[in-house]
Amino acid sequence: MRASSQPGVRAFGVAGLVALAMSSGCNVVERVKAMIKGEPAADDTGQGATEEPEELVAQIERPPVAKPAEPSNEPPPPLERAKRKLAYAARGATHLGFNLQGLKGLRALAGALEVPAWAVEGDGEVGRMRDDDLRTAWTCELDPYKPCALGMHLGDDAQLQAVRLFAAAEGKAFDKQPRPAKVRIHTDDGWVDVELPDVRDYVYVVFGKPIATTAVTIEGLEYHGPKRGDLQVAEVEIYGLGGTAREPLELDPSKMVVQLDTPAWSKERDAWSRGASFLERLADDGTHTRVMPATAIFGHRDDRIQLVEHLDGTDCRSHRGLYFLLDRETRVMAPVGDLGGLGSLVFRAHDGLGYVSGYVDDESARLSGVVLDGEVLRHRRTQRLSDSDGPGVLGDWGMDRDPVPRPGSPSNRPLDDCTLGSDESMAAFVAATKAKPKSVEKPAEWMICELGEGVRVYLSDHGPCGKAWDLIVLGEQGVVAKQGGHRNGARLRLQRRGGRELLVELGGSDDAVEMMRVTPNGITSLGTTEFAASAPAACRKRCDDVLRNPAAP
């Protein structure tokens, strides 16, 4: 008799199997099947499992039990230079590109940065480049014999798509320190050289297609600016498919302000160019964290998608720049053009997954936007001959009826726990501060905001567009702090931050701005900071004019 060809059963006669199975009183076929699989078999009555005869058990091979993998304590292999050139090119850019379909599945990859043994060791913790703060940086002194380089292991299933760097020093130091002009990217498949633009912004290396690689290393070859000195790298982000994703980016638009590194606007032929602007997270203690280059941000704290504005310039009629959809979960910033126009009304999707901008009234809508549908970004745009009314379009698209307000509120608009001055309240103010009665002749020019613990702040721009401004913090024991002075075209914009804090943006007939943080303890200057980019003075008819909506009729 020929031995069974069924795996798991040794050369044991079929007759023997049948006899042994029948001796236990069960269905032969089911019994044999169960024994071959190594499972307990039910008896004929279905009353539960029966034990297999010892002589059959001894002749059935069960599948081996898988053992859990032992964790590897071996360090990852060292970061090495690639030996050959990559078969396809990559490009340097200031964003990932406008092909939104190509961003499907893309995400920032987790990993620890390290300095290769063959590179300059550098100064500072490499973790500074992964802390979401552009003010903290790793530095590397340029060396004619060794390059500045950084790398990261990605894991076995990762595919590299892009690398993002921020390596621009802050303020006036930008021109005094070297910036990457040409880098070499090393992967398992080879290396590629890429030239980078010289900007106070993110710079990207974008590959033509994903590259399967277990590691990526960025080596500096050439530099903009000085050829000596310290290279300052504040951020390195690696984007790809597969691998392990980084943790989501925590970002609350209501906690953001915009700080300027250069003058707000500069003249260029028939237009105006916007200065270097950065979104900064303002903590409850007044400290700043520099998050990203931008001129405004829209959305809610828990929205997966937030809208980031990059205003580059204006000719007073139309504005130059881009919107980016920031996916907080993947950390991908997708460039989506100017949508309905920078400076136009911005509407948020109910589910926090997209935005449209443009112009809406009761009769019509001129809107363009992008929403996240599944894992794909899709455009939305109204048709020129559409007969839908504005609210109808917003409802059909799942958008909020009211636009997302541009951050900051004029000092004469309603604000939580704030009231306009009255004859009675300003008379009490004069009595407590010994102010001149003439300064409060028009009580409605003053705003009074509660700060808690019996403390109030009294503020006025004596206009709007007056010739002076005043800011006085008054407690039960008298004046806590005060600031003010002459300012042509004075204007104040406000934002409440809880019940004990008020942010005040001071502007005027020129482009200079300053922000102050007001608490029960006093007034602190935050420097050249604003809630969002405002129009250049040359484009304003009034001191408090905002950016013109180019989509408005």
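Heads up: the sequence shown begins at 140 in our numbering, then just goes up one per residue. Here a beta-carbon is modelled for each residue, glycine too, at the ideal position from N, C-alpha and C.
Proximal residues to residue i (C-beta, below 8 Å), its chain only, five neighbours per side dropped
i, result
"L315", "Note on residue identity: the sequence assigns Lys, not Leu, to residue 315. Excluding positions up to five away in sequence, the list reads A308, G364, P365, G368."
"S483", "S496, G497, Y498, N688, P689, A690, A691"
"L554", "S548, M586, C588, L633, R635"
"P207", "The predicted position of P207 is uncertain, since its pLDDT is 43 and thus under 50; a value taken from the coordinates is nonetheless stated next. Same-chain partners within the cutoff: there are none."
"M395", "L418, E419, R420, L421, V430, I436, P546"
"T278", "G261, D262, G263, D369, L370, Q371, V372"
"G460", "R413, T434, E448, H449, L450, D451, G452, D477, L481"
"D528", "D501, E502, S503, A504"
"D272", "A373, T428, R429, V430"
Distance between residue j and residue i (C-alpha atoms, nearest Å)
i, j, result
"L641", "C557", "10 Å"
"R635", "L390", "18 Å"
"K577", "E669", "31 Å"
"L481", "V333", "31 Å"
"R639", "T658", "6 Å"
"G329", "K224", "5 Å"
"I436", "Y284", "43 Å"
"Y597", "K621", "9 Å"
"S457", "D650", "19 Å"
"E219", "F313", "31 Å"
"G452", "R413", "5 Å"
"G231", "A276", "22 Å"
"L235", "V265", "24 Å"
"M565", "M655", "23 Å"
"W536", "R626", "45 Å"
"S693", "D609", "Nothing about residue 693 can be read from this structure; the chain reaches only from 140 to 692."
"E361", "V259", "15 Å"
"D441", "V543", "15 Å"
"T663", "D327", "52 Å"
"A288", "C604", "53 Å"
"G155", "E213", "With a pLDDT of only 44 at G155, under the threshold of 50, the placement of this residue in the model should not be trusted; the figure read from the coordinates follows. Rounded to the nearest angstrom, the two C-alpha atoms are 52 Å apart."
"H601", "G425", "28 Å"
"H439", "P217", "43 Å"
"F346", "G241", "11 Å"
"P255", "I357", "10 Å"
"S162", "G294", "Any reading at S162 needs caution, since the residue's pLDDT is 45, under 50, leaving its predicted position unreliable; the model's value is listed next. Near 56 Å, if we compare the C-alpha coordinates of G294 and S162."
6 Å CB neighbourhood of residue i in its chain, flanking five on each side removed
i, result
"D490", "none"
"P432", "D340, F417"
"L506", "G479, V495, G497, T521"
"L465", "Q445, V447, M472"
"K172", "Confidence at K172 is low in this model, with a pLDDT of 48, below 50, so the placement of that residue is unreliable and no value is reported for it."
"I611", "Y597, K621"
"V331", "L225, A229, I324"
"A303", "For the sequence presented, residue 303 should be read as Arg rather than Ala. Within the same chain, R303 has close Cβ partners Y341, Y343, E376."
Proximity winner among the options, relative to residue i (alpha-carbon distances)
i, options, result
"R318", "A297, G661, Q371, E589", "Q371"
"V594", "G614, D535, P576", "G614"
"G531", "V509, G547, R519, D501", "D501"
"P474", "R323, S457, F486, G493", "G493"
"T233", "V259, K311, Y462, E358", "Y462"
"T401", "G666, R220, V509", "G666"
"G379", "H518, T469, V510, D409", "T469"
"R467", "C455, L511, D424, T426", "L511"
"W411", "P392, K606, C678", "C678"
"E374", "D683, V569, D423, Y343", "Y343"
"G647", "K680, V619, V485", "K680"
"G591", "A567, F568, G637", "G637"
"P582", "E253, L559, P603, Y227", "L559"
"I377", "L252, L335, C604", "L252"
Beta-ladder partner(s) of residue i, from DSSP
i, result
"V333", "V322"
"H518", "V509"
"M655", "V643, S664"
"G617", "G614"
"Y498", "R505"
"L273", "For L273, which the question treats as bridged, DSSP gives no partner whatsoever."
"F670", "Paired residue(s): none; F670 is not in a bridge."
"C557", "C588"
"T453", "W411, H458"
"L370", "C279"
"V338", "According to DSSP, V338 bridges with nothing at all."
"S416", "L399"
"K406", "W411"
"T356", "G290, H325"
Own chain residues within Cβ distance below 7 Å of residue i, not counting five before or after
i, result
"H292", "P215, G250, T353, A354"
"G617", "A571"
"A671", "V397, T434, A435, R545, P546, G547"
How about the stretch 289-308 and the stretch 341-356: do they share at least three Cβ pairs that are nearer than 8 Å?
-> Yes, since at least three Cβ pairs between the stretch 289-308 and the stretch 341-356 fall closer than 8 Å, the two stretches touch.
Could you say if the stretch 626-646 and the stretch 398-410 meet the contact criterion of at least three C-beta pairs nearer than 8 Å?
-> no
For the stretch 620-635 against the stretch 535-552, are there 3 or more C-beta pairs whose distance is under 8 Å?
-> With the cut-off at 8 Å, the stretch 620-635 and the stretch 535-552 touch.
Are there three or more Cβ pairs, one per stretch, closer than 8 Å when the stretch 458-474 is compared with the stretch 659-667?
-> no
Given 8 Å, three or more beta-carbon pairs between the stretch 242-256 and the stretch 371-390 | yes
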